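**Student:** To start, I am sharing the structure in question, which I have written as structure tokens.
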Amino acid sequence: MDLGILGAIGSAGVLAAMGCLVRRKISATIRLLSVQGIMCALAATLIGLQYQECAIHMFIAAALALIGKTWLIPRMLAQVARKVDAAREPHGLGTIWTTVLGSALILLVYLVTPPLEGVAGQLLAPSLAMVMLGFFMTVGRRLAVSQAIGLVIMENGVFLAGTGLTYGMPLIVELGTLLDLLIGVGVMGVLISRMHETLSTTDTSHLQNLKG
Amino acid sequence: MPLLLVGWPILALAAVWLLPKSAQRWIMLALAALLVGTVCLLVWTLPDNSVFQSQGEWIRVDLLSLVMIAAITAVVLPVLLYFTLNPHSAVIRDGVQSLSWLLAMLAAMYGVTITGNIGLLWVAVEATTICSALLIVQGKKRARATLEAAWKYILICSVGIIFALLGTILFYFAAQRAGCHGLDWSALVGAAPGMEGNLVRLAFVFVLVGYGAKAAIAPMHNWLPDTYSQAPAPVAAILSAIPFGCAGYAVFRLYALVTLAGEQSFASTILIALGLLSVAIAAPFMLVQSDIKRLLAYSSVEHIGLVFLGLGFGGTLGISAALLHLFNHSLAKPAAFLTVGEITDAYGTRKIAKIRGLLSQSPVHGVLYLVFVFALAGMPPLALFRSELRIMGAGVSSAGWFWPALAAALLVPIFAAFLYHSSKMTFGPPAGYRPLFRERAGAFTGTGAGTGTGLWAVALPIILLLYLGMSEPVWLQQILERAAQVVQQGVICP
């Protein structure tokens with residue numbers, strides 16, 4: 055197999071992250087999140103096909119990613135978004151600036167990532183770029199749901215790094231991280247709906263009272 | 008056997024749901040006794056190589072973990088006793104759900120310390136975040152401020168923890184390139200000398216950002232004052248185990264790997280810089296602070312800074328001093344929160360400016376408050392003075408006089424802040440201009456529900472603070488030195 059295809063999958067993940075960052079419609083970003091989950095699962099499957107010694111492990115990781123990252127988590131987020139009427143991110147930084155800053159971030163990551171051979175070399179830079187874009191989304195967006203989406207993008211990037219660099223963590227750790235992520239998103243969902251009940255908004259720029 | 012430490016809280020969780028509400032306080036007492044008993048048993052049956060280990064190293068307790076287990080237990084014990092003595096305290100009053108999250112958090116906290124797999128360590132740290140976020144938003148009032156604090160907490164800590172996961176993966180990657188497969192401690196220690204320097208440095212930066220955010224090291228400390236001030240006092244007390252005993256522990260652990268990989272000076276520089284920054288940031292916020300619980304919270308930022316400073320100074324001297332300081336802080340901080348919680352309940356406010364005449368209103372609370380505040384301010388003869396002195400001493404011997412002197416100079420305004428706020432709160436006449444205050448002060452005389460009696464729970468921390476402040480027991484010295492050896496060499500060489 056040409057390893058370049060893994061690089062292409064990673065780049066597709068980065069593009070999806072960039073799309074999340076630029077689109078302000080919440081349902082569209084959640085769909086892009088699912089796409090990213092599929093890319094994660096695909097990457098794990100291909101690595102499993104390529105390297106027989108870690109095949110089963112990678113297939114399990116791919117299955118977990120498919121269930122968790124493409125189906126469960128986006129569904130949970132979509133439910134929360136519907137419940138709290140979070141349809142569109144309010145105007146913040148503006149599309150142009152977001153695109154410029156996001157691209158600059160990607161460029162920076164690709165420049166500073168050390169060149170590595172093999173699968174790691176294909177996937178390290180895209181995964182780090184995803185982490186950075188997710189981080190940018192978490193700190194840059196105002197709606198609580200969007201911030202949670204940013205976190206999931208970061209976690210997807212870390213998943214890609216984990217599969218690409220180390221062919222997956224030991225299985226129990228893999229399961230633990232997925233479970234933690236699922237519960238974490240669930241807890242965030244609970245908090246967001248509480249926020250909606252109490253403050254009748256989920257715009258976190260209204261949460262500025264605690265200082266000093 | 009270390010698994011019991013996780014098992015008891017889970018058992019207590021089941022008991023809380025199965026048994027009637029009136030039994031809750033006795034469950035708490037039983038849990039406290041069982042935890043202390045298990046820790047004593049662990050110390051008693053310590054094998055010759057000082058390591059409890061299961062097949063596959065899912066569970067591995069060495070002396071470094073044991074020190075952290077002791078620190079967490081020092082935090083948990085007074086809080087559990089407080090629940091027993093004061094059935095009207097916040098978490099018990101709020102119902103079974105709150106208590107369940109608290110117990111789940113305890114299980115996760117002990118889980119952090121007993122695992123020998125740095126991947127599972129990450130899972131457990133993340134579990135403490137989730138449980139504690141839920142614990143904070145439980146309770147009767149769902150005020151705006153509580154939600155803000157909880158959201159900030161879960162967001163900052165989740166972002167941090169994802170960076171920590173990335174760092175863990177990079178450590179694993181470095182280990183694999185050095186020919187080791189697995190995230191088990193002894194395997195990693197074996198592979199560490201062969202790890203590539205630049206990978207290890209990158210991994211450590213990510214891990215430090217991640218667990219550092221959870222440990223509330225500056226500049227990622229913002230969540231801590233918000234969370235501590237919004238959480239009920241017993242919850243704030245028990246939360247203080249997470250930055251120190253859990254996230255701090257993770258940093259100690261991974262610093263050991265970095266040391267073994269030969270990148271100690273790099274890690275030390277970052278740790279010293281962040282430690283000094285934490286102390287420096289805490290000082291001005293403490294001087295102008297108007298909220299008593301936030302004052303205590305910023306003091307946590309200062310102390311985690313001092314712990315990281317000691318770790319950064321390195322050597323047996325510095326690391327054992329940092330460990331001792333971490334333990335001493337675990338004695339003082341929860342007790343201080345419990346005391347302050349009773350005071351703020353009685354006065355009905357957290358504003359320092361409105362709490363006046365404490366000593367004349369309730370000598371017990373006044374004296375206890377002064378003791379703990381002096382302990383946290385690092386006043387002799389209490390234990391934190393001694394450990395701070397040792398950190399500075401270690402610094403002088405390893406990094407020259409400048410950095411320790413700078414840290415000591417930064418401690419001066421913090422000391423002044425504590426003294427300034429506390430003298431106004433405790434001495435002098437009560438501010439009688441608030442009628443509500445007089446009424447509520449009735450709680451002090453025993454007419455209120457249980458106020459005051461609960462503070463027997465802090466008797467043991469006081470005794471220990473005084474004991475460790477006035478003497479340096481040889482056995483403790485030995486334990487700390489061998490724990491420092493774990494950080495320096497990964498395992499203890501007999």
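Chains as they are written, first to last, in this note's numbering: chain A, 55 to 266; chain B, 8 to 501.
For each residue, glycine too, the CB sits at the ideal point set by N, CA and C.
Computed from a predicted structure; not experimentally measured.
#1: Spell out whether any CB of chain A is found under 8 Å from the CB atom of B/V144.
#2: Compute the Euclidean distance between the alpha carbons of B/L333 and B/P370, then round it to the nearest angstrom.
#3: Considering only C-alpha positions, which residue in the set B/E203, B/S165, B/L172 is nearest to A/V239?
#4: For B/E155, go through chain A and note every residue whose CB falls closer than 7 Å to its CB, in chain order.
#5: Which runs of the alpha helix (DSSP H) at least 4 residues long sit entirely within the segment 307-395 of chain B? Give them in chain order.
#6: Look up B/N124 in the DSSP assignment and say whether it is helix, strand or coil.
#7: Is there a Cβ from chain A that is less than 8 Å from the Cβ of B/T454?
#8: Can you name the residues that DSSP bridges to B/F59?
#9: A/D234 bridges to which residues according to DSSP?
#10: I need the straight-line Cα distance from B/R445 to B/H372, nearest angstrom please.
#11: Can you tell me which residues form a DSSP beta bridge with A/L197?
#12: Compare the C-beta of B/L190 with all C-beta atoms of chain A and state if any pair is closer than 8 Å.
#13: What's the gap between the Cα of B/L167 and the Cα of B/S139?
#14: Whose C-alpha, out of B/G189, B/W408, B/I163, is nearest the C-alpha of B/T175?
#15: Taking the C-alpha atoms as reference points, what is the distance between B/T351 and B/I359?
#16: Should the segment 57-70 of chain B be called in touch with the segment 419-432 of chain B, which here means at least 3 C-beta pairs below 8 Å?
#17: Residues of chain B with a CB under 9 Å from the CB of A/D234: which are they?
#18: When you compare the CB positions of B/W192 and B/L127, do they come within less than 8 Å of one another, or not?
#19: Pop quiz: B/V216 and B/F180 are said to be a contact at Cβ under 8 Å. What is the actual Cβ separation, rounded to whole angstroms?
#20: Count Cβ pairs between the segment 24-32 of chain B and the segment 167-174 of chain A that sit closer than 8 Å; are there 3 or more?
#21: Is it right to say A/V154 is buried, meaning 16 or more other beta carbons lie within 10 angstroms of its own, or is it exposed?
#22: Give me the residue from B/G63, B/P437, B/Y235 with the minimum Cα distance to B/Y6.
#23: Would you be able to state if there are at least three C-beta pairs under 8 Å between the segment 41-52 of chain B and the segment 93-107 of chain B?
#24: Using the beta-carbon of each residue, which ones in chain B are nearer than 8 Å to A/P168?
#25: Can you grab the Cα-Cα spacing for the pair A/I110 / A/L100, in whole Å?
#26: Put A/D56 into one of helix, strand or coil per three-state DSSP.
#27: Along the chain, which unbroken stretches of the alpha helix (DSSP H) at least 4 residues long are found entirely within the segment 95-129 of chain A?
#28: So, is B/E479 buried or exposed, given that buried needs 16 or more other C-beta atoms within 10 angstroms?
#29: Which runs of the alpha helix (DSSP H) spanning at least 4 residues fall entirely within the segment 134-207 of chain A, listed in chain order?
#30: Among the candidates A/L236, A/G204, A/G243, A/F213, whose CA atom is the shortest distance from the CA of A/G73?
#31: Taking CB distances under 8 Å as the criterion, tell me whether A/T258 reaches chain B.
#32: From which residue to which residue does the alpha helix (DSSP H) around B/Q562 run?
**Tutor:** In short, the structure shows the following:
#1: B/V144 counts as touching chain A.
#2: If I take the Cα positions, the gap works out to 29 Å.
#3: Checking every option, the nearest Cα to that of A/V239 belongs to B/S165.
#4: In chain order: L261, N263, L264.
#5: Those alpha helix (DSSP H) runs which fall completely within the segment 307-395 of chain B and span 4+ residues are 322-354, 365-368, 370-384.
#6: Reduced to three states, the DSSP call for B/N124 is strand.
#7: Residue confidence is low: B/T454 scores 37 on pLDDT, short of 50, so the model does not pin down where it sits. Its coordinate-derived value is still stated next. No, because no Cβ of chain A sits closer than 8 Å to the Cβ of B/T454.
#8: B/V68.
#9: A/D234 pairs with nothing; no bridge assigned.
#10: Caution is warranted here: a pLDDT of 38 is assigned to B/R445, below 50, making its placement in the model unreliable, and no coordinate value can be reported.
#11: Answer is A/D257, bridged to A/L197.
#12: Taking a beta-carbon distance threshold of 8 Å, B/L190 counts as an interface residue toward chain A.
#13: Rather than Leu, the amino acid found at residue 167 of chain B in this sequence is Gly. Cα-Cα distance, rounded: 15 Å.
#14: Of the listed residues, the one whose Cα sits closest to B/T175 is B/G189.
#15: Rounded to the nearest angstrom, the two C-alpha atoms are 9 Å apart.
#16: Touching, no, given that fewer than three Cβ pairs across the two stretches are closer than 8 Å.
#17: For a Cβ distance threshold of 9 Å, residue set W129, V130, E133, A134, T136, I137, I168 of chain B lies close to A/D234, ordered along the chain.
#18: Contact flag unset, no.
#19: Rounded, the Cβ-Cβ distance is 17 Å, inconsistent with contact.
#20: Taking a contact to require three or more Cβ pairs closer than 8 Å, the segment 24-32 of chain B and the segment 167-174 of chain A do not qualify as touching.
#21: Per the 10 Å Cβ criterion, exposed.
#22: What the structure shows of chain B is the stretch from 8 to 501, and residue 6 of chain B is not part of that stretch, so it cannot be assessed.
#23: Counting C-beta pairs closer than 8 Å gives fewer than three between the segment 93-107 of chain B and the segment 41-52 of chain B, which falls short of the contact rule.
#24: Neighbours of A/P168 on chain B, chain order: N205.
#25: Between A/I110 and A/L100, the alpha-carbon positions lie close to 12 Å from each other.
#26: Three-state result, A/D56: coil.
#27: Taking only runs of at least 4 residues, the alpha helix (DSSP H) segments lying wholly in the segment 95-129 of chain A are 109-119.
#28: Answer is exposed; the Cβ neighbour count stays below 16.
#29: Counting only runs of 4 or more residues that sit fully inside the segment 134-207 of chain A, the alpha helix (DSSP H) segments are 149-166, 172-194, in chain order.
#30: Of the listed residues, the one whose Cα sits closest to A/G73 is A/G204.
#31: It does; some Cβ of chain B falls within 8 Å.
#32: No answer is possible for residue 562 of chain B: it lies beyond the span of chain B, which begins at 8 and ends at 501.
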